[in-house]
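Engineer: A single structure is presented below for examination.
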């Protein structure tokens, strides 16, 4: 159940409907979020990020990293070669998983690396020149476009 109203946000802003949609997704999900595999998200620079997932026991060819519709999807499928073993205790979770991360606009996946049981995914925010702030010159005379139209 939602206990907050986002309509005041719409009165004074334009284009923030994605934030409301994201809030709806967060509120509507179950409290029992999947916790496997554990991961970190770190900010490595002003516009650079790294997602690190603990994927011990998985080889590179068993891991998949895919970007689809502003979502980063990391999944793993373990090969079935362990079926002939007899386990006395099996405490290492090598189960298949799929973990999704929602990417903000203009965030691009630069690459991924796998070392020492960790999968590192490098991301960067690349804002196009057209969307970057620009300074508008203020003149003291009448607008030249308006004068030319007269």
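Residue numbers (full-length UniProt numbering): 1 to 150. For every residue, glycine included, the Cβ atom is placed at its ideal position computed from N, Cα and C.
Buried or exposed: residue 51, going by 16 or more other Cβ atoms within 10 Å of its Cβ?
Structural biologist: buried
Engineer: So, does the region 41-61 touch the region 106-125, judging by three or more C-beta pairs under 8 Å?
Structural biologist: yes
Engineer: Can you tell me which of 122, 129 and 113 puts its alpha carbon nearest to the alpha carbon of residue 63?
Structural biologist: 113
Engineer: Using 8 Å as the threshold, is the C-beta distance between residue 129 and residue 110 below it?
Structural biologist: no
Engineer: Among 78, 87 and 108, which one has its Cα closest to the Cα of residue 94?
Structural biologist: Check the Cα spacing between residue 94 and each of 78, 87 and 108: the tightest is with 78.
Engineer: Can you tell me which of 68, 84 and 35 puts its alpha carbon nearest to the alpha carbon of residue 108?
Structural biologist: Comparing Cα-Cα distances from residue 108 to each of 68, 84 and 35, the minimum goes to 68.
Engineer: Rounded to whole angstroms, what is the Cα-Cα separation between residue 96 and residue 135?
Structural biologist: 51 Å
Engineer: Would you mind working out which of 98, 138 and 44 sits nearest residue 66, comparing C-alpha positions?
Structural biologist: The option with the nearest alpha carbon to residue 66 is 98.
Engineer: Just the C-alpha distance for residue 46 and residue 87, rounded to the nearest angstrom, thanks.
Structural biologist: 47 Å
Engineer: Straight-line CA distance for residue 71 to residue 139?
Structural biologist: 45 Å
Engineer: Please identify the residue among 49, 101 and 85 whose C-alpha is closest to the C-alpha of residue 73.
Structural biologist: 101
Engineer: In this structure, does DSSP put residue 60 in helix, strand or coil?
Structural biologist: helix
Engineer: Would you list the one or two residues that DSSP bridges to residue 90?
Structural biologist: According to DSSP, which records beta bridges pairwise, residue 90 is partnered with nothing at all.
Engineer: What residue range does the beta strand (DSSP E) around residue 41 cover?
Structural biologist: 39-45
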